[in-house]
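Chains as they are written, first to last, in the working numbering: chain A, 5 to 255; chain B, 5 to 255.
Heads up, the beta-carbon is just placed ideally off N, CA and C, and yes, glycines get one too.
Protein chains: 2
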Amino acid sequence: MTSDKIVTAAMLAIGDELLSGRTKDKNIGHLADMLTLKGIDLKEVRIVADDEAAIVAALNGLRPHYTHVFTSGGIGPTHDDITADAVSRAFGVACIHDPQAMALLGAMYERRGMEFSEARQRMARMPEGARHIPNSVSTAPGFSIGNVHVMAGVPQVFQAMLDALLPQLESGVVVKSRTVRSPFGEGDIGSPLGAVQKAHPLTNIGSYPKFDGKSFSTDLVIRGRDEALIEAAEADVRAMIEAIAATKAGG
Amino acid sequence: MTSDKIVTAAMLAIGDELLSGRTKDKNIGHLADMLTLKGIDLKEVRIVADDEAAIVAALNGLRPHYTHVFTSGGIGPTHDDITADAVSRAFGVACIHDPQAMALLGAMYERRGMEFSEARQRMARMPEGARHIPNSVSTAPGFSIGNVHVMAGVPQVFQAMLDALLPQLESGVVVKSRTVRSPFGEGDIGSPLGAVQKAHPLTNIGSYPKFDGKSFSTDLVIRGRDEALIEAAEADVRAMIEAIAATKAGG
Numbered sequence: 005m006t007s008d009k010i011v012t013a014a015m016l017a018i019g020d021e022l023l024s025g026r027t028k029d030k031n032i033g034h035l036a037d038m039l040t041l042k043g044i045d046l047k048e049v050r051i052v053a054d055d056e057a058a059i060v061a062a063l064n065g066l067r068p069h070y071t072h073v074f075t076s077g078g079i080g081p082t083h084d085d086i087t088a089d090a091v092s093r094a095f096g097v098a099c100i101h102d103p104q105a106m107a108l109l110g111a112m113y114e115r116r117g118m119e120f121s122e123a124r125q126r127m128a129r130m131p132e133g134a135r136h137i138p139n140s141v142s143t144a145p146g147f148s149i150g151n152v153h154v155m156a157g158v159p160q161v162f163q164a165m166l167d168a169l170l171p172q173l174e175s176g177v178v179v180k181s182r183t184v185r186s187p188f189g190e191g192d193i194g195s196p197l198g199a200v201q202k203a204h205p206l207t208n209i210g211s212y213p214k215f216d217g218k219s220f221s222t223d224l225v226i227r228g229r230d231e232a233l234i235e236a237a238e239a240d241v242r243a244m245i246e247a248i249a250a251t252k253a254g255g
Numbered sequence: 005m006t007s008d009k010i011v012t013a014a015m016l017a018i019g020d021e022l023l024s025g026r027t028k029d030k031n032i033g034h035l036a037d038m039l040t041l042k043g044i045d046l047k048e049v050r051i052v053a054d055d056e057a058a059i060v061a062a063l064n065g066l067r068p069h070y071t072h073v074f075t076s077g078g079i080g081p082t083h084d085d086i087t088a089d090a091v092s093r094a095f096g097v098a099c100i101h102d103p104q105a106m107a108l109l110g111a112m113y114e115r116r117g118m119e120f121s122e123a124r125q126r127m128a129r130m131p132e133g134a135r136h137i138p139n140s141v142s143t144a145p146g147f148s149i150g151n152v153h154v155m156a157g158v159p160q161v162f163q164a165m166l167d168a169l170l171p172q173l174e175s176g177v178v179v180k181s182r183t184v185r186s187p188f189g190e191g192d193i194g195s196p197l198g199a200v201q202k203a204h205p206l207t208n209i210g211s212y213p214k215f216d217g218k219s220f221s222t223d224l225v226i227r228g229r230d231e232a233l234i235e236a237a238e239a240d241v242r243a244m245i246e247a248i249a250a251t252k253a254g255g
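What follows is the structure, encoded as structure tokens:
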């Protein structure tokens with residue numbers, strides 16, 4: 005499904021370990037990459053602790069404003085996995101042991117000759133009426149309710165769930181981008197670049213400074229949804245860099 | 005300065021490139037590590053685009069709730085560097101070319117025989133009354149206003165600014181942690197671990213699953229501000245793992 009419309013998203017990453025520094029998040033960058041390819045605009049990310057009130061407040065703050073909200077973390081079998089409870093509370097529905105998920109997990113543990121313990125049964129909990137997000141890595145499903153998509157925090161599982169989920173979501177018009185590398189720092193290009201941006205209001209020109217330990221250079225990224233407009237802006241950016249180089253050579 | 009009190013913080017990372025996936029953020033994890041060492045509890049992180057309304061809304065949503073708010077990004081010399089404007093608007097004060105910062109930058113560019121261009125002068129802009137955060141890498145200062153600390157997005161510069169800023173902030177009681185590695189997945193340890201957590205309410209026991217491509221293991225992290233309580237909880241966690249191992253060997 006492809007449409008002309010703008011599809012927006014937010015992400016909520018859940019986990020004490022992300023805020024203590026113990027774990028460095030890898031899911032935000034991966035989701036950003038995948039949504040960009042899909043033409044969905046990621047507009048905002050939040051990270052909160054494994055704290056029910058914090059999760060509920062963040063979810064209810066985000067979900068009215070975006071087409072989709074993607075979450076990571078807190079759906080495992082231990083006492084600190086409280087995302088299913090928090091999402092249920094945010095939607096005002098019961099958190100139940102989903103019968104389909106119980107059957108799926110029960111069969112898997114039976115095949116493996118392992119006890120389907122109370123802790124493992126926790127992984128079947130989700131808001132009543134939620135739809136499964138398949139998990140090809142470790143069986144226990146994520147789930148979607150309304151416009152909220154709840155996935156695991158372990159990156160391999162998060163990625164597998166996202167791979168299963170994304171084809172079901174409506175695409176937006178994909179943002180295209182061109183990158184022009186400038187050997188000059190932002191101090192040199194700042195003023196003329198502002199003028200180029202003003203002349204090309206339907207493209208977004210981002211300036212990303214790099215520092216190699218000695219000097220600054222800049223990546224200039226022209227983003228937009230219309231190829232011809234991007235090309236026109238790119239030509240002006242390249243002309244600007246040549247003009248700066250000429251001035252420096254002349255001076 | 006050290007105190008007994010709980011010092012809390014939020015972070016606001018600013019930049020289109022973080023949301024498009026073009027740049028993978030490195031500042032959140034670094035700030036989390038540094039604040040943990042300092043005894044400051046990082047409670048929430050948000051990432052927003054280079055969008056004045058979004059920055060103002062996030063800042064004003066965060067700053068009443070935490071001791072400190074740290075920001076990264078958007079204080080360079082180009083048209084998309086709008087953090088100084090947004091912070092000024094959030095505080096309802098004028099965004100000015102700070103005279104001290106103008107002198108500092110003017111002298112630096114004069115020494116280097118470079119033009120102190122209009123774009124470079126943008127880096128001296130900050131809310132009226134803001135205090136400088138020194139920048140040992142590239143001179144242009146960050147700034148603090150109220151409880152908001154505004155730093156660069158380039159990781160080397162962010163880190164240098166944070167190194168200059170943190171010694172000036174009040175420390176909290178440092179959270180200590182012990183990690184116990186469990187060869188068993190969360191499905192095995194979930195129920196008994198919940199009981200251990202209940203028996204040790206003044207410590208926080210986190211369970212962090214790992215997946216090596218074949219099977220799950222778990223890191224159990226006991227965190228708290230009292231060493232004796234952490235040790236008691238750790239002993240119970242270790243006894244729990246031995247009991248699970250004995251059951252498995254016996255079964």
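Of all residues in the stretch 15–36 of chain A, only Met15, Ala17, Gly19, Asp20, Glu21, Leu22, Leu23, Ser24, Gly25, Arg26, Thr27, Lys28, Asp29, Lys30, Ile32, Gly33, His34, Leu35 and Ala36 place a beta-carbon less than 9 angstroms from a beta-carbon of chain B. Excluding residues up to 5 positions away in sequence, His204 lie with their Cβ nearer than 7 angstroms to the Cβ of Ala236(A) in the same chain. A Cβ-Cβ distance of about 6 angstroms is found for the pair Ala17(A) and Ile32(A), placing them in contact under the 8 angstroms criterion.
In this structure Gln104(B) is exposed. Its beta-carbon is surrounded by fewer than 16 other beta-carbon atoms within 10 angstroms. Taking 7 angstroms as the CB threshold, Tyr70(B) stays off the interface with chain A. If you check each beta-carbon in the stretch 103–123 of chain B against every beta-carbon of chain A, the ones closer than 7 angstroms belong to Ser121, Glu122 and Ala123. Residue pairing for Arg129(A): DSSP places it in a beta bridge opposite His101(A). Our two residues, Asp216(B) and Ser121(A), have alpha carbons roughly 23 angstroms apart in a direct line. The stretch 100–116 of chain B and the stretch 80–87 of chain B do not touch, with fewer than 3 CB-CB distances between them shorter than 8 angstroms.
At a beta-carbon threshold of 8 angstroms, the residues of chain B lying near Gly198(A) are Thr82, His83 and Ala123, ordered along the chain. Taking 7 angstroms as the CB threshold, Ser221(B) stays off the interface with chain A. Look at Leu46(B): its C-beta is under 7 angstroms from a C-beta on chain A. Shown here, Thr251(B) sits in a helix according to DSSP, grouped into three states. Here Lys42(A) really is in contact with Leu170(A); their C-beta atoms are around 6 angstroms apart, less than 8 angstroms. Chain A has a Cβ within less than 7 angstroms of the Cβ of Gln160(B). Not one beta carbon of chain B lies nearer than 7 angstroms to the beta carbon of Ser175(A).
From the beta-carbon of Arg67(B), no residue of chain A is found nearer than 8 angstroms; the closest lies around 15 angstroms away.
Where Phe120(B) is concerned, there is no enclosing alpha helix (DSSP H), because DSSP gives it neither an H nor an E.
Ranked by Cα distance from Gly77(B), the options Met112(B), Asp54(B) and Arg93(B) are led by Asp54(B). Residue state for Ser148(A) is assigned as strand, using DSSP reduced to three classes.
Here DSSP, grouped into helix, strand and coil, assigns Lys214(A) to strand. Arg67(A) and Val52(A) have their C-alpha atoms some 15 angstroms from each other. About 16 angstroms separates the beta carbon of His136(B) from that of Phe74(B), a gap too long to meet the 8 angstroms contact definition. Taking a cut-off of 8 angstroms on C-beta distances, the stretch 170–179 of chain B does not touch the stretch 118–132 of chain B, as fewer than three cross pairs fall below it. With fewer than 16 other CB atoms across the displayed protein chains lying within 10 angstroms of its CB, Glu132(A) is exposed. The straight-line gap separating the alpha-carbon atoms of Val60(A) and Leu224(A) is approximately 38 angstroms. The beta carbon of Gln163(B) does not come within 7 angstroms of any beta carbon belonging to chain A, so the residue lies off that interface. When Cβ-Cβ separations below 7 angstroms define contact, Gln172(B) makes no contact with chain A. Distance from Asn139(B) to Ala164(B) at the Cβ level is roughly 6 angstroms; contact confirmed, criterion being Cβ atoms closer than 8 angstroms.
Taking the Cα of Gly228(B) as reference, the smallest distance to any Cα among Ile209(B), Met112(B), Ser221(B) and Asp102(B) is reached at Ile209(B). Pairing Ala90(A) with Glu56(A) gives a Cβ-Cβ distance under 7 angstroms.
The Cβ-Cβ distance between Phe188(A) and Ile226(A) does not fall below 7 angstroms.
With its beta carbon at least 7 angstroms from every one in chain B, Phe74(A) lies outside the interface. Secondary structure note for Val161(A): its alpha helix (DSSP H) is the uninterrupted segment Pro159 to Leu169. Nearest C-alpha to Ala134(B) among Ser92(B), Met127(B), Ile10(B) and Ala239(B): Ser92(B). Taking C-beta separations shorter than 7 angstroms and ignoring five residues to either side along the sequence, the partners of Phe95(A) in its chain run Pro131, Ile149 and Gly150, following chain order.
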